[in-house]
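Novice: Below are the structure tokens for one structure; questions will follow.
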């Protein structure tokens with residue numbers, strides 16, 4: 028109901044703003060009112076969604092799919108964005124909320140900009156009307172409990188990561204809308220002052236989203252990294268890259284008046300890329316290629332229309348105005364800061380394009396043959412050389428003057444930074460960085476670090492506003508060095524740990540001591556680790572999840588100043604086939620609960636002959652469903668050979684006959700989850716790895732983030748103070 | 073010639089060249105076993121377990137099995153690493169690796185398990 032109001036209000040606001048933009052000032056109050064109604068309707072819809080989630084109204088499909096009675100309250104609220112329908116609504120709500128701020132900015136372009144902001148809002152409104160989170164089950168099919176939220180996502184970082192990223196995506200609509208308004212109204216210069224704070228804000232919010240996702244991946248997923256070049260990650264990276272290119276282009280245009288067309292192109296492209304990425308990841312096109320699996324909601328055609336509409340309107344307007352946009356009075360200086368920034372934009376856009384090509388590989392290869400994907404190594408291969416170029420430009424631009432710079436003066440300015448970069452690189456080579464490309468990245472990044480440190484120092488002495496941007500560059504440089512060190516120069520080894528026996532890996536002594544049962548079912552495996560740095564007890568989690576029908580693994584991270592020791596459980600291996608100690612005896616008709624599954628032994632099916640087949644007919648009940656299971660044991664009476672043919676629970680977990688006792692009608696079974704019991708001879712496989720200089724990644728990221736948010740403040744203050752911005 | 077345009081041209085050409093070569097190097101097409109036997113680079117094959125006669129030695133991190141593709145071709149696959157826990161119940165296996173003289177050496181295995189509740193499983197896999 029509320030979603031309908033929101034959609035209709037968006038339509039009214041669109042039309043009223045079209046009228047207002049066309050010069051009918053009388054339409055403005057109506058447009059603002061309609062826009063506020065739209066926002067209020069989304070707030071009401073969000074409140075409704077939270078209400079039905081917290082009151083566990085499982086007659087709503089969405090509530091049943093993404094929440095459950097047993098879920099802790101702080102995750103119930105995150106179930107809002109547990110599924111696609113909710114995230115579309117969140118997206119609409121956030122875009123609408125940001126528009127509320129834009130609406131209050133006083134600038135002649137705003138009514139027109141609101142038209143172009145309402146355009147995506149109408150489309151998003153239509154999505155929430157078509158597939159909102161408020162679908163209900165038929166009265167006779169209402170479940171008693173919900174599926175719950177994926178335990179992987181039940182992490183504090185994950186409760187805020189999606190809304191932060193969606194705020195970032197939504198915020199890119201605003202530079203798009205302002206740029207479109209500027210094109211329509213032929214005001215090719217003064218839009219940048221209004222757009223700049225938003226562009227900086229988008230950079231910051233998206234970066235914050237990446238960092239949260241990275242921390243989560245590193246701490247929870249256990250594959251040892253913070254960035255996996257997954258389509259979803261790439262999908263948020265490409266608009267970010269384009270947006271950062273726009274940010275620097277706006278700075279150039281503000282000072283020199285050049286790059287007008289480029290900036291329009293980038294403002295439009297950033298938003299088009301948001302839509303392209305969400306089409307690619309949500310449409311199911313990549314379903315076979317992504318670890319994030321997406322269900323096709325039947326919105327493909329619609330999402331594609333949305334994308335094409337925005338692209339045609341955006342690029343169409345730019346093409347129509349292309350000849351009208353004045354050329355800059357003076358061309359970009361040859362050896363000047365703006366030229367270097369222009370090259371930097373090019374590097375960002377190349378990164379963006381090559382990453383986009385990689386993530387679209389299944390679509391591209393489909394044109395020539397069977398769809399196939401690229402290995403994630405592709406992204407490292409293409410982005411590493413570009414990172415070298417980026418580092419060098421990042422170091423050289425701040426040392427240069429706007430418009431013109433003497434080559435000799437530049438040499439003098441760059442010399443200290445170059446010396447420092449050489450020192451760092453030689454040190455890195457001494458520590459084992461022996462390949463050309465990583466060494467070059469280290470050189471470029473440390474050059475950028477040193478150069479920006481000099482400029483930051485100079486800037487802060489002149490006032491905080493002049494130093495913060497370069498401080499952000501320092502953060503990026505540190506981040507780059509940290510990424511190279513931690514992802515490329517760590518050691519990793521897989522090792523099997525028999526219980527109670529010490530094993531060495533990477534110079535550490537590891538002893539697996541057993542399982543510690545936790546009240547919440549997230550059991551931990553206890554490993555005593557003797558390391559040269561210090562001895563510690565590692566307790567990574569390894570437990571069965573009904574929701575995922577698989578083992579959940581959470582690594583143990585032991586943090587040191589210069590590196591992390593990362594211990595990731597892989598699985599329990601090496602159970603002895605004839606070992607009866609973990610087996611469970613069941614008599615006919617008897618039921619036992621092991622783990623979260625209740626097993627009932629019905630009867631034997633025996634088939635005599637030279638080889639005796641004995642099948643045990645069982646019922647396994649899990650999560651309200653009952654499944655028949657039928658493991659078989661074959662025995663060759665002559666040779667005495669035994670062959671056990673297990674049966675499986677839906678999705679995972681094998682059930683195997685260990686022994687048959689026909690006289691008493693009993694059967695001994697090995698059941699999934701039974702390993703939890705104390706059992707001699709179990710072996711834990713773990714991966715032990717080191718992550719050198721991982722702290723540089725976090726420090727760099729935080730420094731960059733801090734600098735970006737200070738810049739938002741600065742640009743916001745500039746906007747407020749400058750009288751020309753308010754008309 | 074203008075320095076910045078020259079630099080831009082160099083960047084553009086280098087990036088395109090690196091992009092194209094990296095793309096060719098790292099794209100792993102799903103191919104049939106016949107094609108896999110003649111390929112040199114990293115490829116991706118999928119099939120079903122031909123029989124239950126596989127050799128699994130978890131303590132040595134060694135696994136060898138026969139894979140059958142949709143055309144009925146059978147190929148021996150070897151894999152060194154931690155054996156996927158649900159391997160013995162795999163309905164289909166995706167192997168990424170290279171073909172060597174007489175067998176396929178897998179660098180990466182993806183195991184798809186049977187599910188009696190495909191719909192629920194589909195749903196369950198859906199994340200953010």
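Residue numbers (the working numbering), protein chains in the order written: chain A, 28 to 754; chain B, 73 to 200.
Each residue gets a CB set at the ideal place from its N, CA and C atoms; glycine is no exception.
1) Select from A:494, A:527, A:247 and A:465 the residue whose C-alpha is nearest the C-alpha of residue 509 of chain A.
2) Do residue 306 of chain A and residue 268 of chain A have their C-beta atoms closer together than 9 Å?
3) Using the DSSP secondary-structure output, state which residues sit across from residue 497 of chain A in a beta bridge.
4) Kindly indicate which three-state DSSP category residue 16 of chain A falls into: helix, strand or coil?
5) Using three-state DSSP, classify residue 116 of chain B as helix, strand or coil.
6) In terms of DSSP beta bridges, what is residue 585 of chain A paired with?
7) Please determine if the region 436 to 453 of chain A and the region 383 to 396 of chain A are in contact, where contact requires at least 3 C-beta pairs separated by less than 8 Å.
8) Can you list the beta strand (DSSP E) stretches of 3 or more residues lying completely in the region 479 to 537 of chain A, in chain order?
9) Along the chain, where does the alpha helix (DSSP H) containing residue 101 of chain A start, and where does it finish?
10) Return the CA-CA distance between residue 96 of chain A and residue 156 of chain A, expressed in angstroms with no decimal places.
11) Assess, as a yes-or-no matter, whether the region 82 to 95 of chain B is touched by the region 109 to 128 of chain B under the definition of 3 or more beta carbon pairs within less than 8 Å.
12) Starting from residue 554 of chain A, trace the beta strand (DSSP E) both ways and give me its first and last residue.
13) According to DSSP, simplified to helix, strand and coil, what is residue 132 of chain B?
14) Could you work out which residues of chain A lie near residue 102 of chain B, taking near to mean beta carbons separated by less than 7 Å?
15) Report the partner residues of residue 612 of chain A according to the DSSP bridge assignment.
16) Indicate whether at least one CB of chain B lies closer than 9 Å to the CB of residue 757 of chain A.
17) In its own chain, which residues sit with a C-beta less than 7 Å from the C-beta of residue 300 of chain A, not counting the 5 before and 5 after it?
18) State the DSSP-derived secondary structure class of residue 651 of chain A, mapped to helix, strand or coil.
19) Helix, strand or coil: how does DSSP classify residue 149 of chain A here?
20) Starting from residue 719 of chain A, follow its DSSP beta bridges and name the residues at the other end.
21) Going along the chain, which residues of its own chain have a beta-carbon closer than 8 Å to the beta-carbon of residue 756 of chain A, five neighbours each way excluded?
22) At a cut-off of 8 Å, is residue 304 of chain A close to the ligand COA when judged by its beta-carbon and the heavy atoms of the ligand?
23) Residue 103 of chain B to residue 546 of chain A, Cα distance in whole Å?
24) Listed from N- to C-terminal order along the chain, which residues in the region 88 to 104 of chain A have their beta-carbon within a distance smaller than 8 Å of any beta-carbon of chain B?
25) Mind checking if residue 119 of chain B is an interface residue toward chain A, Cβ cutoff 9 Å exclusive?
26) Cα-Cα, which of A:402, A:475 and A:459 is closest to residue 427 of chain A?
27) If the cut is a Cβ gap below 8 Å, which residues of chain A does residue 182 of chain B touch?
28) Measure the alpha-carbon distance for residue 76 of chain B versus residue 362 of chain A and round it to whole angstroms.
29) Which class does residue 606 of chain A belong to by DSSP, given the choice of helix, strand or coil?
30) I'd like to know whether the C-beta of residue 409 of chain A is nearer than 9 Å to at least one C-beta of chain B.
31) Look at the alpha carbon of residue 80 of chain B and the alpha carbon of residue 418 of chain A, and state the distance between them as a whole number of angstroms.
32) Any idea what DSSP makes of residue 459 of chain A, helix, strand or coil?
33) Report yes or no: is there a C-beta of chain A within less than 9 Å of the C-beta of residue 94 of chain B?
34) Tell me the DSSP bridge mates of residue 662 of chain A?
35) Given 8 Å as the limit, is there contact between the region 428 to 437 of chain A and the region 286 to 300 of chain A, that is, 3 or more CB pairs closer than that?
36) For residue 140 of chain B, decide whether its Cβ has a neighbour in chain A, counting only Cβ atoms nearer than 9 Å.
Specialist: So, from the listed chains and residues:
1) Position 482 of the first chain, counting from 1, holds the residue named residue 509 of chain A. For residue 509 of chain A, the nearest C-alpha among the options comes from A:465.
2) Residue 306 of chain A sits at position 279 when you count from the first residue of the first chain. Residue 268 of chain A sits at position 241 when you count from the first residue of the first chain. Not in contact: residue 306 of chain A and residue 268 of chain A (Cβ atoms no closer than 9 Å).
3) As a first step, residue 497 of chain A is located in the first chain; it is residue number 470 there, counting from the start. None; residue 497 of chain A has no bridge partner.
4) Nothing can be reported for residue 16 of chain A, as the shown portion of chain A is limited to 28 through 754.
5) On the second chain, position 44 is the one that residue 116 of chain B refers to. Looking at residue 116 of chain B - three-state DSSP - the assignment turns out to be strand.
6) Within the first chain, numbered from 1, the residue matching residue 585 of chain A stands at position 558. DSSP output for residue 585 of chain A lists A:592 as bridge partner(s).
7) no
8) Counting only runs of 3 or more, we get 519 to 525 and 529 to 532.
9) Looking up residue 101 of chain A in the first chain gives position 74. Segment 100 to 103, the alpha helix (DSSP H) holding residue 101 of chain A.
10) Position 69 of the first chain, counted from the start, is the residue given in the question as residue 96 of chain A. Position 129 of the first chain, counted from the start, is the residue given in the question as residue 156 of chain A. So the alpha carbons of these two residues sit roughly 27 Å apart.
11) Because the criterion of three Cβ pairs below 8 Å is not met, the region 109 to 128 of chain B and the region 82 to 95 of chain B do not touch.
12) As a working mapping, residue 554 of chain A is identified with position 527 in the first chain. Note, residue 554 of chain A: beta strand (DSSP E), 551 to 557.
13) Taking the first residue of the second chain as 1, we reach residue 132 of chain B at position 60. If DSSP states are grouped into helix, strand and coil, residue 132 of chain B belongs with the helices.
14) Along the second chain, read from residue 1 onward, the residue named residue 102 of chain B stands at position 30. What residue 102 of chain B touches in chain A: 397 and 399.
15) Position 585 of the first chain, counted from the first residue, corresponds to residue 612 of chain A. In the DSSP output, where bridge partners are listed per residue, residue 612 of chain A has A:695.
16) There is simply no residue 757 of chain A to check, as chain A begins at 28 and stops at 754 in what is shown.
17) As a working mapping, residue 300 of chain A is identified with position 273 in the first chain. So the list reads 265, 266 and 269, once near-sequence residues are dropped.
18) Your numbering for residue 651 of chain A matches position 624 in the first chain. Correct three-state label for residue 651 of chain A: coil.
19) Counting from 1 along the first chain, the entry for residue 149 of chain A is found at position 122. Residue state, collapsed to three classes: helix.
20) On the first chain, position 692 is the one that residue 719 of chain A refers to. A:590.
21) For residue 756 of chain A there is no data in the structure shown, the boundaries of chain A being 28 and 754.
22) Among the components modelled here there is no ligand, and therefore nothing to report on the ligand COA.
23) Residue 103 of chain B sits at position 31 when you count from the first residue of the second chain. Residue 546 of chain A sits at position 519 when you count from the first residue of the first chain. Between residue 103 of chain B and residue 546 of chain A, the C-alpha separation is close to 48 Å.
24) 92
25) Locating residue 119 of chain B in the second chain gives position 47, where the first residue counts as 1. Answer no: the Cβ-Cβ gap between residue 119 of chain B and chain A never drops below 9 Å.
26) On the first chain, residue 427 of chain A is found 400 positions in, with the first residue counted as 1. Check the Cα spacing between residue 427 of chain A and each of A:402, A:475 and A:459: the tightest is with A:475.
27) Taking the first residue of the second chain as 1, we reach residue 182 of chain B at position 110. Residues of chain A passing the Cβ test: none, with the nearest at roughly 10 Å.
28) In the second chain, the residue the question calls residue 76 of chain B occupies position 4. In the first chain, the residue the question calls residue 362 of chain A occupies position 335. Roughly 8 Å separates the two Cα atoms.
29) As a first step, residue 606 of chain A must be located in the first chain, where it is residue number 579. Bear in mind that the predicted position of residue 606 of chain A carries a pLDDT of just 48, short of 50, making it unreliable; the figure below should be weighed with that in mind. Coil at residue 606 of chain A, not helix or strand.
30) Within the first chain, residue 409 of chain A is the residue found at index 382, counting from 1. Chain B contact via Cβ: present.
31) By 1-based counting over the second chain, the position of residue 80 of chain B is 8. By 1-based counting over the first chain, the position of residue 418 of chain A is 391. So the two alpha carbons sit approximately 15 Å from each other.
32) Within the first chain, residue 459 of chain A is the residue found at index 432, counting from 1. It is coil, neither helix nor strand.
33) If you number the second chain from 1, residue 94 of chain B lands on position 22. Residue 94 of chain B counts as touching chain A.
34) Stepping through the first chain from its first residue, residue 662 of chain A is reached at position 635. Answer is A:639 and A:669, bridged to residue 662 of chain A.
35) no
36) Position 68 of the second chain, counting from 1, holds the residue named residue 140 of chain B. Not one chain A Cβ lies under 9 Å of residue 140 of chain B.
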